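Quick note: the sequence shown uses numbering that gives the first Met the number 0, first residue 0, plus one each step.
From the three backbone atoms N, C-alpha and C, an ideal C-beta is built for every residue, glycine too.
Computed from a predicted structure; not experimentally measured.
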Amino acid sequence: MRRHKIIVLLALWSYWATPLMLQGQSIRLMCASSLRESIEPLVDQFSRKHQLNIDVLYGSSSLLRNQLQAGATTDLFIFAGEAQARWLTQQRMAERYELIGHTRLVILVRPGLALKTLRDLATPGLRLAVADPGVPIGRFTEALLQEAVNQKHLTATEYEVLHRNIVTRDFSAQNLKNKIQLREADAAFIYRSQWDSGDLIELPVEINPPIPYVAGVTLDSTQAHWGQQWMAFLQSPEAKRKLLERGIQ
């Protein structure tokens, strides 16, 4: 009988003590830079509630994927688009990933400029900032522009002039936003999730499909317990509400 009591007590201690023993430890998160403004409040809330340190590395999703491919490690990831997360599952670095919401492309305009439509980006002399096609937002932007021509939202000539107006091709969605704030560009294609101030041009949905944000836990994570707690938190009504406030649906 005494042996049974000891086993029960040990089981109960293990159940309650394991999360407590993990408190104060660090969790590593690789996150798409376009989510920085949206994810930081959630990281802060989760880490305070559970007394954890979450070390976040922001960058383009493709750059983060390249770092993992080169041997870097992380416990958690959030990418724009599914391509990088799908690669992780194919390489057996993650078992699965989950959708946490969608964003779309918008055009951020420098204050004081009367730009209202996509066609206005073909104004001669306008300074346009776009992402390099080697990163997800760059590929999404070029696909949108080509579809705009296909669906008559741009003429072939306007498409060519628009491309001549490009003054920078950046590898970071965050840097595109900075170009407007520093007045180094007149307009830039960014994710809706990045916007917090300034004039926007909303783009027609028929040429601007939703872009998924996906998240997951890596298989080699030493913080699987908190990783699953984090994933559950991202799917909670409270987190969804905060993401929706940032235009992530």
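Buried or exposed: residue i, going by 16 or more other Cβ atoms within 10 Å of its Cβ?
i	result
glutamine 145	exposed
proline 236	exposed
threonine 156	exposed
arginine 91	exposed
aspartate 74	buried
arginine 27	buried
methionine 20	Note that methionine 20 has pLDDT 41, beneath the 50 cutoff, so the model's placement of it is unreliable and no number is given.
Leaving aside the five residues before and after residue i along the sequence, list all residues of the same chain whose C-beta is less than 8 Å from its C-beta, in chain order.
i	result
leucine 161	Leu120, Ala121, Leu127, Leu144, Leu153
arginine 182	Arg109
Just to check my reading of the structure: residue i and residue j have Cβ atoms closer than 8 Å, yes? What is that Cβ distance to the nearest angstrom?
i	j	result
alanine 186	valine 134	The Cβ separation is near 19 Å, so there is no contact.
alanine 184	valine 166	6 Å
histidine 49	glutamine 248	Between glutamine 248 and histidine 49 the Cβ distance is about 27 Å, and since that is not below 8 Å, they are no contact.
lysine 195	glutamate 39	The sequence shown places aspartate at residue 195, not lysine. The Cβ separation is near 12 Å, so there is no contact.
glutamine 83	serine 60	5 Å
isoleucine 99	valine 213	7 Å
leucine 34	serine 192	6 Å
According to DSSP, is residue i helix, strand or coil?
i	result
aspartate 195	coil
leucine 181	coil
tyrosine 57	strand
histidine 162	helix
Any heavy atom of the ligand SAH closer than 8 Å to the CB of residue i?
i	result
leucine 218	The model on display carries no ligand, and the ligand SAH is accordingly not part of it.
Only counting the same chain, and skipping five residues up and downstream in sequence, which positions put a Cβ closer than 6 Å to that of residue i?
i	result
leucine 41	Ala238
leucine 125	Asn164, Asp185
From what residue to what residue does the alpha helix (DSSP H) around residue i run?
i	result
proline 211	Unbroken run through proline 211 is the beta strand (DSSP E), 210–216; no alpha helix (DSSP H).
valine 148	135–149
glutamate 36	35–49
phenylalanine 232	223–233
Which same chain residues end up closer than 7 Å to residue i when comparing Cβ atoms and leaving out the 5 residues on each side of it in sequence?
i	result
threonine 140	Leu104, Val129, Ala130, Phe188
tryptophan 86	Arg64
glutamate 201	Val105
Could you spell out where the beta strand (DSSP E) holding residue i opens and where it closes?
i	result
methionine 29	25–31
glutamate 81	Run containing glutamate 81: none; DSSP gives neither H nor E here.
glycine 100	97–102
leucine 127	127–130
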